[in-house]
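Numbering (UniProt numbering), first residue to last: 1 to 284.
Just so you know, even glycine gets a beta-carbon here, dropped at the ideal spot from N, CA and C.
In what follows, a structure is listed as C-alpha cells, so that the remarks can point back to it.
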C-alpha cells in the first residue's frame with residue numbers, strides 16, 4: 001500500500017514522514033512537494049506537487065492508495081487548493097484521504113475554521129474514504145514567542161484567561177502516522193489536543209521558573225496587540241490574524257479535554273514544561 005504525504009518538507013510533514021518510517025517500509029511512502037530536491041534527506045520517493053497546479057496533480061497521485069492532505073499554508077486560497085487535490089485524488093484512484101483540520105472546526109470562532117469546514121464538507125461528499133484530524137494548537141505556536149518575551153521582559157497576547165490545550169508538533173505528527181499505518185479510522189473525525197491546558201499567564205510563569213527571570217503576561221486589547229506585532233515587522237494582515245486567534249483562545253476555542261490525541265499515540269502528550277525547555281535550549 002502506497003502512502004502519499006503532501007507538504008512533506010514542512011515542519012509537520014517532516015515529522016510525519018520520520019514517524020511513519022518507523023511503522024511502514026520506506027518504499028511504501030511517497031512525498032508530494034513543490035521541490036523534490038528539498039526532500040532528498042527524507043529517504044523516500046519524492047514527486048513534484050503543487051496545491052495550485054491541478055494540471056499536474058493527477059499524474060503525481062497515481063499509484064497512491066492513502067493520501068495525507070496536510071492543509072496548505074496559503075490562508076484564503078486553501079478551500080480551492082484542497083478541493084483541487086481532493087478531485088485529483090479521486091481521478092487518480094486514491095482510495096482514502098486523511099486531512100489535517102482544526103480543533104472543533106465546526107464551532108470554532110478562529111478565522112482559520114472557515115476553509116477547514118469547507119474542505120471537510122468537500123471531503124465527506126467526495127465519495128472517498130476519509131479520516132479528519134482536527135489538530136489543536138501546536139505548543140510551538142506560543143513558545144516561539146519566548147525569545148521576544150525574554151528580550152522585552154514580558155509575554156504579550158490577547159488570550160485573557162482562555163485555556164489552551166496545545167500539544168507539541170511531534171505529537172500531532174505521530175497521530176497522523178498512526179492513522180495512516182493502522183486500521184479502524186475510516187470515517188472518523190478526531191478532536192486532537194494536549195492532555196493538559198494552560199493560560200498564557202501560566203506559560204509566562206513557566207518561562208519565569210525555567211529562566212529565573214520575572215516574565216509576566218501582559219494581556220492587551222486585540223487592536224493594540226496587532227499594532228505591536230506589526231511594529232515587530234509582521235505584515236498587518238498576519239498581525240491582525242494572530243491577535244484575533246488569541247481572542248478566540250480567550251473564548252475557549254483552543255481547549256479540549258477528551259485526551260483523544262494521547263489515546264491515538266499511546267503515550268501522554270508532550271508537556272508544556274518540556275517544550276519550553278527545548279525552546280530555551282534552542283535559544284542558548
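Out of 114, 97, 98, 96, the CA that lies nearest to the CA of residue 104 is found in 114. Under the three-pair Cβ rule at 8 Å, the stretch 224–232 does not count as touching the stretch 160–168. The beta carbon of residue 252 is closer than 7 Å to those of 162, 163 in its chain, skipping five residues each way along the sequence. In this chain, the beta strand (DSSP E) harbouring residue 190 covers 189–192. Here residue 168 is actually not in contact with residue 196; their C-beta atoms are around 12 Å apart, not less than 8 Å. The DSSP-derived three-state label of residue 168 is coil.
DSSP lists 3, 96 as the bridge partner or partners of residue 66. For residue 215, no beta strand (DSSP E) encloses it, and the DSSP letter there is neither H nor E. Residue state for residue 183 is assigned as coil, using DSSP reduced to three classes. Comparing C-alpha distances from residue 111 to each of 133, 216, 75 shows the shortest one belongs to 75.
With distances taken between CA atoms, residue 160 lies nearest to 221 out of 91, 148, 221. Of the residues 158, 125, 136, the one whose Cα lies closest to the Cα of residue 269 is 136.
The secondary-structure analysis by DSSP pairs residue 31 across a beta bridge with 5, 46. Residue 141 has its alpha-carbon roughly 11 Å from the corresponding atom of residue 275.
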